[in-house]
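Asker:
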Amino acid sequence: MSIGTVPLKFRVTIDNKQCMACARCVENCSYGVFRMENGVVRVSPRHCVACHRCLAMCPRDAISIEERPVDYRSHPLWTTDVKEAIFNQARTGKIIVGGMGNALPYPVIFDRLVLDACQVTNPSIDPLREPMELRTYLGKKPSHLDLLTKINGDVELISTLVPNLKLETPIMIGHMSYGAISLNAQTSLAKAVNEIGTFMGTGEGGLHESLYPYQGNMIVQVASGRFGVDINYLERGAAIEIKIGQGAKPGIGGHLPGEKVNREVSVTRMIPEGSDAISPAPHHDIYSIEDLKQLVRGLKEATEWKKPVFVKIAAVHNSAAIAAGIARSSADAIVIDGFRGGTGAAPRVFRDHVGIPVEAAIASVDAKLRQQGIRNEVSIIASGGIRESADVAKIIALGADAVYIGTAALIALGCRVCGTCNRGVCAWGIATQRPDLVKRLDPETGSKQVANLIHGWTDELAELMGAAGINSIESLRGNRDRLRSYMLDEALMTVLDVKSVGA
Amino acid sequence: MCGIIGVIDRKRELMDGSSIRQALSRMNERGSGEGAGYVAYGVFPEFKNYYAIHVFFDNIHESKGAVDALLSEWGTIVHDEEIPTSDHARIRKVHTPWRYFFKPDATLMPRSTAPEEDIVTYIVMRVNTTMTGVLIFSSGKNIGVFKASGWPEDVADFYKIHEYKGYIWLGHNRYPTNTPGWWGGAHPFNLLNWSVVHNGEITSYGTNRRYIESYGYQCTMFTDTEVVAYLVDLLVRRHGLSAEMAVKALAPPFWDEIDRMPEKERLLHTAIRLTYGPALMNGPFAIVVANENSIVGFTDRIKLRPLVSGEFGNRLFISSEEAAIRTMEPDVEKIVMPRAGSPIVGRLIA
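Chains as they are written, first to last, in the working numbering: chain G, 272 to 774; chain X, -3 to 346.
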């Protein structure tokens, strides 16, 4: 006990004048903050993670939650988080695991980039009155076309195109596995992408039978643990994604705690019930780029070259060269997952300290592929920290074809980003497998909310493009002339290939 | 704003520059007197087998030696001379315009399938990106660009274009916003046998430029128009597309239209859009592109700039304004306003 009690993270108070002792908070809090004693609600604030389920369910606004009511003496170096991590490890001697994405206050590059709009010399285009094209094709494309003009003037296409994914919006939902999130959460996402005409990833968790109706909009993942992979799974996907790395934890594999592996999860993942699902750090059949090439071809052979194969890597220092290597395989698209990407569970040290921001990674990958003259032959998908439609517009202008969103889609389902997905007791029914919690999330309502979000962003993106005098997403892609940096340093401006505001 | 005009005589009958001068000044409301230019095809019959490299020198003594040396390194200068000009009250001669007739040595680019063209392209890019005070603004065979800062009629008189006879002419009346007063910023833009006049602004320039640069072109003229010349060169000369198909890549039909096409056509247009997405040009524009055999006029996909065509005998006219065409040929027939994205093509038939 030499460390003793640390200050409260959250103070939870109940206004007894408001409270009507309905016990909804008691019922809804899966972290055990509330209990009923003699008709009065009592709190154990130390359990609170600020997931706000109680707030959202309280009919009388009787609950208030205050962050760090008593804090340590402020210090720029020995911050609260640093000190508490030390206490934690002094007690346990273990690696600290957390959920969600990078929690350090690094500057956000997106917020230092501004978009352009037309004035006078060219008219802005009104998407309500003129066509505005967001349709995006993901997959390999030829570098040039062979056409044959016949004597009668008809033009015949000689080149053959390989299958591409057709998206009606450049916004997709990234890979969050069944296991990490609940089936109701996955079903909500699946119904939403099906309605919108876009795609989502299964994550490394297999494809649950009940999602088969939506398989045409699902990208199945093959990761280092190969969980849930068989020919049935591969054939059901609209595309296949090989996951090499993840932005939240570059360099290490996934970890699904055994508590989350119930019967259904076990069947879908093809692992024993209750066992930890730990994916190896590397794929043990990929020790070099040519091995990756073989796996890409292997998956294509297995599915008769009918499906695009994506390769996802974490955004790291050398992403550009790695991506150039991937582009030379038969891979159709490269997913670059930035260091702000979310996760169900990651070691804190990786989550906060390894990898680079997606903005810089996309800019350098796009530039490298252009230098090598192969940019348009492969698609680039950006993920990790895309928060709003402006981020989508900016990352496309930096060179991405499309984006994956993850956390944003979960927020649309109610997630408050409390960062405790790893505990498996998500009160919103998202990152949990506990039946009583899962049933809180109604896939009908959930899918509507997620579809609304993508719809709203898509409309905003169309408006932004129109304002910039662009009526086709191809003309936004890599169009860094339509971005300006606001207070970014010169080195980063060179990497991003953007000018300063006013220049 | 800007006003553009182009004419081709499909039987190669030659026209002197006096009537296009009149037509272009008819559109002075579209210009500001800070840039105008012409290009004519067929103007150097005695040197027709040589590349006519036109150069603006800021100072002959300072930089001509370096250009002579570079050209001699890559081939033979058959003849060179100062481009004749007349003293003109309203044109300040800030550059000395010069022309070389040049024969590249094809053996110096052994691995190329079009060594002469590649050598000339290389020289243009090299000079324009690395030499200060020098700009190559015309590099085709039997082709001359005449441009400067001023009103169209003054620029025409300055270069005495009524003394040149060509079977294709393009003209441009400029209202500059970006590089006023700079001769290099006036149109037409030219590379090899491609010449471009353009009214508008290309909002996709950043995408188009990066695409074209990955094929070794370098944009050096601080304007979005030059990218059009390079895109056409890439699509038509290097990738072998017809003019019509190149326009379908640069200003393609909307997906809604493509979705409604019969299957074969749908696949063709889908393939074009997928392959040439980065070449798609967005923003308001009307453009006329010429090479030694044809002229092609087209607009952006929603026709935010005017374009009209007319015919008379063997001649096809394309312009921003019907009034300009009528100035050149009062009896013009078949006045047509093409739909957005559909090209008007005039080809030689003799």
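Note that beta-carbon positions come from the ideal geometry of N, C-alpha and C, so glycine has one too.
Note that the coordinates shown come from a computational prediction; the quantities given were computed from them, not determined experimentally.
Could you pull the DSSP bridge partners for Ser743/G from this structure?
Answerer: Taking the first sequence and counting its residues from 1, the one referred to as residue 743/G is at position 472. Looking at the DSSP assignment, Ser743/G forms a beta bridge with Glu404/G.
Asker: State the beta-bridge partners of Ser338/X as determined by DSSP.
Answerer: Translated into the one-based positions of the second sequence, residue 338/X becomes position 342. Per DSSP, none; premise fails for Ser338/X.
Asker: Rounded to whole angstroms, what is the Cα-Cα separation between Ile633/G and Asn589/G?
Answerer: Counting from one through the first sequence, the residue named residue 633/G turns up at place 362. Counting from one through the first sequence, the residue named residue 589/G turns up at place 318. The straight-line gap from Cα to Cα measures roughly 12 Å.
Asker: Closer than 6 Å by C-beta to Ile314/X: which residues in its own chain qualify, once you throw out the five before and the five after it? Chain order, please.
Answerer: As a working note, residue 314/X is residue 318 in the second sequence. Correct list, in chain order: Gly2, Val284, Gly293, Ser305, Ile340.
Asker: Between the stretch 25 to 44 of chain X and the stretch 324 to 343 of chain X, are three or more C-beta pairs nearer than 8 Å?
Answerer: no
Asker: Mapping DSSP to helix, strand and coil, what is Glu30/X?
Answerer: In the second sequence, counting from the first residue as 1, residue 30/X sits at position 34. Coil.
Asker: Do Ile119/X and Met105/X have their C-beta atoms closer together than 8 Å?
Answerer: As a position in the second sequence, residue 119/X is number 123, starting the count at 1. As a position in the second sequence, residue 105/X is number 109, starting the count at 1. Result no, Cβ atoms of Ile119/X and Met105/X do not sit closer than 8 Å.
Asker: Between Gly644/G and Ser210/X, is the Cβ-Cβ spacing less than 8 Å?
Answerer: As a working mapping, residue 644/G is identified with position 373 in the first sequence. As a working mapping, residue 210/X is identified with position 214 in the second sequence. Between Gly644/G and Ser210/X, the CB-CB gap stays under 8 Å.
Asker: Going by C-alpha distance, which of Ala294/G, Asp286/G, Leu326/G is nearest Gly685/G?
Answerer: Counting from 1 along the first sequence, the entry for residue 685/G is found at position 414. Checked all of Ala294/G, Asp286/G, Leu326/G; the closest Cα to Gly685/G is Leu326/G.
Asker: With C-beta atoms as the reference, is Val304/G less than 8 Å away from Cys319/G?
Answerer: Mapped onto the first sequence, residue 304/G falls at position 33. Mapped onto the first sequence, residue 319/G falls at position 48. The answer is yes: Cβ separation under 8 Å.
Asker: Within 10 angstroms of its Cβ, does His50/X collect 16 or more other Cβ (buried), or is it exposed?
Answerer: Numbered from its first residue, the second sequence carries residue 50/X at position 54. That one is buried.
Asker: Specify whether the stretch 455 to 463 of chain G and the stretch 677 to 692 of chain G touch according to this definition: at least 3 beta carbon pairs, one from each stretch, less than 8 Å apart.
Answerer: yes
Asker: Lys514/G lies in the alpha helix (DSSP H); which residues open and close that run?
Answerer: On the first sequence, residue 514/G is found 243 positions in, with the first residue counted as 1. Boundaries around Lys514/G are those of the beta strand (DSSP E), 510 to 514, since no alpha helix (DSSP H) includes it.
Asker: By how many angstroms is the C-alpha of Ala638/G removed from the C-alpha of Asn55/X?
Answerer: Counting from one through the second sequence, the residue named residue 55/X turns up at place 59. Counting from one through the first sequence, the residue named residue 638/G turns up at place 367. Rounded to whole angstroms, Asn55/X to Ala638/G spans 37 Å at the Cα level.
Asker: Could you round the C-beta distance between Ala374/G and Arg622/G to whole angstroms and report it? I think they count as a contact, below 8 Å.
Answerer: Here residue 374/G corresponds to residue number 103 of the first sequence, with the count starting at 1. Here residue 622/G corresponds to residue number 351 of the first sequence, with the count starting at 1. Yes, Ala374/G and Arg622/G are in contact; Cβ-Cβ is about 7 Å, under 8 Å.
Asker: How would you write the range of the alpha helix (DSSP H) that Arg122/X sits in, first residue to last?
Answerer: In the second sequence, the residue the question calls residue 122/X occupies position 126. Its alpha helix (DSSP H) spans residues 111 to 126.
Asker: Tell me where the beta strand (DSSP E) around His265/X begins and ends.
Answerer: The residue given as residue 265/X occupies position 269 in the second sequence. His265/X -> not in any beta strand (DSSP E); alpha helix (DSSP H) instead, spanning 259 to 272.
Asker: Give the residues of chain G in contact with Val197/X, contact being defined as C-beta atoms less than 8 Å apart.
Answerer: Translated into the one-based positions of the second sequence, residue 197/X becomes position 201. For clarity, residue 197/X is Glu in the given sequence; the question names Val instead. Under the 8 Å cutoff, chain G gives Thr392, Asn393, Gly740.
Asker: Given this structure, state the Cα-to-Cα distance separating Thr219/X from Asn174/X, to the nearest angstrom.
Answerer: One-based indexing of the second sequence puts residue 219/X at position 223. One-based indexing of the second sequence puts residue 174/X at position 178. Those two C-alpha atoms are separated by around 8 Å.
Asker: Can you tell me whether Gln289/G is helix, strand or coil according to DSSP?
Answerer: Numbered from 1 along the first sequence, position 18 holds the residue referred to as residue 289/G. Three-state DSSP puts Gln289/G in coil, outside helix and strand.
Asker: When you compare the CB positions of Tyr171/X and Ser28/X, do they come within less than 8 Å of one another, or not?
Answerer: Numbered from its first residue, the second sequence carries residue 171/X at position 175. Numbered from its first residue, the second sequence carries residue 28/X at position 32. Cβ distance < 8 Å, so Tyr171/X and Ser28/X count as in contact.
Asker: Is it the case that the stretch 256 to 267 of chain X contacts the stretch 94 to 111 of chain X, given that we only count it when at least three CB pairs across the two stretches are under 8 Å?
Answerer: no
Asker: At what residue ranges does the stretch 672 to 758 of chain G contain a whole run of the beta strand (DSSP E), taking only runs of 3 or more?
Answerer: 673 to 676, 754 to 756
Asker: Do Ala245/X and Tyr201/X come within 8 Å of each other at the CB atom, strictly closer than that value?
Answerer: Stepping through the second sequence from its first residue, residue 201/X is reached at position 205. Stepping through the second sequence from its first residue, residue 245/X is reached at position 249. Not a contact, by the Cβ cut-off of 8 Å.
Asker: Pairs of beta-carbons, one from the stretch 519 to 529 of chain G and one from the stretch 589 to 602 of chain G, closer than 8 Å: are there three or more?
Answerer: no
Asker: Residues of chain G with CB under 9 Å from Leu227/X, in chain order?
Answerer: By one-based count along the second sequence, residue 227/X stands at place 231. Under the 9 Å cutoff, chain G gives no residues; its nearest Cβ is about 13 Å from Leu227/X.
Asker: Between Asn138/X, Glu149/X, Gly177/X, which has its C-alpha nearest Asn189/X's C-alpha?
Answerer: Position 193 of the second sequence, counted from the start, is the residue given in the question as residue 189/X. When only C-alpha atoms are compared, the closest one is Asn138/X.
Asker: Which bits of chain X does Pro402/G rub up against, with CB to CB less than 7 Å?
Answerer: For this step, residue 402/G is matched to residue 131 along the first sequence. Going along chain X in sequence order, the residues near Pro402/G (Cβ under 7 Å) are Phe250, Asp252.
Asker: Would you verify that the beta carbon of Gly450/G is, or is not, closer than 8 Å to some beta carbon of chain X?
Answerer: As a first step, residue 450/G must be located in the first sequence, where it is residue number 179. No, because no Cβ of chain X sits closer than 8 Å to the Cβ of Gly450/G.
Asker: Grouping DSSP H, G and I as helix and E and B as strand, with all else coil, what is Gln18/X?
Answerer: Counted from its first residue, the second sequence places residue 18/X at position 22. Note: Gln18/X maps to helix in three-state DSSP.
Asker: Can you have a look at Arg359/X and say buried or exposed, based on whether 16 or more other CB atoms are within 10 angstroms of its CB?
Answerer: There is no way to answer for residue 359/X, as the model of chain X reaches only from -3 to 346.
Asker: Helix or strand or just coil, what does DSSP make of Arg362/G?
Answerer: Numbered from its first residue, the first sequence carries residue 362/G at position 91. Of the three classes helix, strand and coil, the one that applies to Arg362/G here is helix, per DSSP.
Asker: Can you list, in chain order, the residues of its chain whose CB lies under 7 Å from that of Ile593/G, leaving out five sequence neighbours each side?
Answerer: The residue labelled residue 593/G in the question sits at position 322 within the first sequence. The answer, listed in chain order, is Ile584.
Asker: Taking the Cβ atom as the reference point for each residue, do Gly180/X and Phe52/X lie within a distance shorter than 8 Å?
Answerer: Counted from its first residue, the second sequence places residue 180/X at position 184. Counted from its first residue, the second sequence places residue 52/X at position 56. Against a cut-off of 8 Å, the Cβ pair of Phe52/X and Gly180/X comes out as a contact.
Asker: Assuming contact is defined by CB atoms lying nearer than 8 Å, are Gln289/G and Arg331/G in contact in what I supplied?
Answerer: Working through the first sequence from its first residue, we reach residue 289/G at position 18. Working through the first sequence from its first residue, we reach residue 331/G at position 60. Contact flag set, yes.
Asker: Closest by CA to Thr574/G, which one among Cys689/G, Ala586/G, Tyr408/G, Asp501/G?
Answerer: Along the first sequence, read from residue 1 onward, the residue named residue 574/G stands at position 303. Taking only the C-alpha atoms, the option nearest Thr574/G is Asp501/G.
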